[in-house]
Amino acid sequence: MNRDLSYFARDLQELASDPDLIRWLTVLPGQLEKFMLENEHGDFGRWFKHLDKIARYRSSHRNFSSYVEIGRDDEISEGQKKDLANSLMQYAPWRKGPYRLFGIELESEWRSDKKWDRLINNIAPLKGRRILDIGCGNGYHLWRMLNEGAAQVCGIDPCTNYFFQFAAIRTMIENISGIHFFPLALQDLPDSRMFDTVFSMGVIYHQKSPIEHLEKIRKLLVPGGQMVLETLFVTGDSSTVLTPEDRYARMGNIWFIPSIDALSLWLRKTGFRDIKVHNTAVTDSSEQHATGWSCTESLDDFLDPENPKLTVEGYEAPQRVIITAVSP
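Throughout the sequence shown, residue numbering follows this note's numbering, covering 35 to 362 in sequence.
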């Protein structure tokens, strides 16, 4: 696999053929070139070598349902499966999934299909839409979006490890198009109303300025476009926002966790309309747990062992909500 913009050639060509997304190309090639140049050392070279190994295993069989499935169990030998599994393990931890790859069960920390099941019937149909998924992780949900008939699916996440996880999955699929991962942060995108649907899932509480996050999303949506927001929340009224002193559920990068009413107020103040709360859920170990592909600690280790309704820091245990809103 070439370590230059040739990896992104297909992505750039597809964006260039879309009259709305072509505007992105004024800045995107330079940003991708910078990503490649800034990651010449460390694990980057080793990870590219394993991407070359993974590229040996390609299949036309795919099924983007609960398990994102590529290839059949009998398409490669047991020895080849061990070789493939070894290369995939180089990109661990695998946080999002699950995947089934030539019969290999890749069990991620998060059963991301459960989140998808909660939201898919509560959002505008994705068929024919241009979609952006902010902080998309390794891209599990991108495949689910493509499966719904989206015209173009773009995921962004600055994490290099996630870039390689997505690249590993995509390189195994023959003749795939309409799905893209760019190693970028939200602020790297130009203020252009390019997308029909923007997903922000598990992201806003990591933002130092959640208001700026919402305003940026509004600037990326076409008039009447839909934002799908999935996030942690706390119990309270429109003035309730948790600001952890240090960590929340052992996560150190949590800035603000609002109540549902406070989050709805933020949305109104940033210009969104038709704000709807669709689903709330308490995160449990069936959705988030440690696996051999992910990590040694997970949700059960983040909760108070004597009272699982609290985190180890004494805050409310994780609860999640799905809210949709429309851009004016």
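The C-beta atom is built at its ideal place from N, Cα and C for all residues, glycine as well.
Being a predicted model, the structure only gives us computed values, none of them experimental.
Asked                                                                                                            : Found
Proximity to Leu160 [Cα-Cα], best of Tyr41, Lys149, Leu176                                                       : Leu176
Contacting residues, own chain, Cβ-Cβ under 8 Å from His247 (five flanking each side not counted)                : Leu220, Ser234, Val237, Ile238, Gln241
Cross-strand partners of Ala359 (DSSP beta bridge)                                                               : Met261
Start-to-end residues for the beta strand (DSSP E) that takes in Asn120                                          : Careful: Asn120 lies outside any beta strand (DSSP E), inside the alpha helix (DSSP H) at 112-123.
Reduced DSSP secondary structure (H/G/I, E/B, other) of Gln47                                                    : helix
Option in Arg90, Glu48, Gln322 with minimal Cα separation from Glu208                                            : Arg90
DSSP state of Tyr196 mapped onto helix, strand, coil                                                             : helix
Distance between Val355 and Arg314 (C-alpha atoms, nearest Å)                                                    : For the record, residue 314 in the displayed sequence is Thr; it is not Arg. Each residue's Cα considered, the two are about 4 Å apart.
Backbone CA spacing between Met261 and Ser111 [nearest angstrom]                                                 : 44 Å
DSSP beta-bridge partners of Phe42                                                                               : According to DSSP, which records beta bridges pairwise, Phe42 is partnered with nothing at all.
Cβ neighbour criterion (16 or more within 10 Å) applied to Ala50                                                 : exposed
Runs of alpha helix (DSSP H) wholly within the stretch 219-286 (minimum 4 residues, chain order)                 : 244-254
Cβ pair count under 8 Å reaching 3, the stretch 128-143 against the stretch 316-327                              : yes
Minimum Cβ-Cβ distance from Ala184 to chain B less than 9 Å                                                      : Although the question refers to chain B, the structure presented lacks it and comprises just one protein chain.
CA-to-CA distance, Arg134 to Asp54, given in whole angstroms                                                     : 34 Å
Ala185 - containing alpha helix (DSSP H), residue span                                                           : From DSSP, Ala185 is part of no alpha helix (DSSP H); its letter is neither H nor E.
Straight-line Cα distance separating Leu153 from Arg281                                                          : 28 Å
Residue of Gly64, Trp150, Ala158, Leu276 minimising C-alpha distance to Gly258                                   : Ala158
Where Asn97 falls: helix, strand or coil (DSSP)                                                                  : strand
Distance between Gly76 and Gln186 (C-alpha atoms, nearest Å)                                                     : 33 Å
CB-CB length for Ile138 against Ala119, believed under 8 Å                                                       : 5 Å
Local Cβ density within 10 Å of Glu72, reported as buried at 16 or more and exposed below that                   : exposed
Three-pair Cβ contact test at 8 Å for the stretch 92-102 versus the stretch 59-67                                : no
In chain order, each beta strand (DSSP E) run of at least 3 residues that lies wholly inside the stretch 287-350 : 307-316, 341-345
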